[in-house]
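Residues in the sequence shown are numbered from 1 upward in steps of one, following UniProt numbering.
Ideal Cβ placement from N, Cα and C applies to all residues, glycine included.
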Amino acid sequence: MPSISKEAGQHSLSQKISQETDFQTLDGKSLKIDMMRREMKKLRYGENKALDCKYIHLPYTGDEMAMVVLLPNTVTGLLKMEKKIDVQKLNQCIKDVSSQLL
1 MPSISKEAGQ
11 HSLSQKISQE
21 TDFQTLDGKS
31 LKIDMMRREM
41 KKLRYGENKA
51 LDCKYIHLPY
61 TGDEMAMVVL
71 LPNTVTGLLK
81 MEKKIDVQKL
91 NQCIKDVSSQ
101 LL
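Have a look at this one:
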């Protein structure tokens, strides 16, 4: 299984850390899919009440860029979040993070 980013990922993911996990679809079905897991001592994390979601920043090499992943608080929250999200709310998720020790 390829890593998310072969060159740029600070915390590259590999097949060694993949495991089969339940994944719930929007229609309520549960599928077994391979998910990758990476333990990090510190994680940039936040919550956004307007979008009803949590988010994390996954840094790339050099910490100059990060992939921001938004996770709705409910199974059906993705559709609601898509309707509410705009540039200002996304920028708020990028700026309003704190480093959490795990």
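For the pair L51 and K80, the Cα-to-Cα distance works out to about 8 Å.
Residue burial is scored here from C-beta neighbours: L58 has at least 16 other C-beta atoms within 10 angstroms and is therefore classed as buried.
Between M36 and T21, the gap from beta carbon to beta carbon reaches 7 Å or more. Given a length threshold of 3 residues, each whole run of the beta strand (DSSP E) inside the UniProt domain "Serpin" (14-97) is given here in chain order: 18-24, 30-36, 42-48, 53-59 and 66-72. I17 has its alpha-carbon roughly 13 Å from the corresponding atom of I33. When the beta-carbon positions are compared, I85 and V69 stay at least 7 Å from each other. Rounded to whole angstroms, F23 and G62 show a C-alpha spacing of 32 Å.
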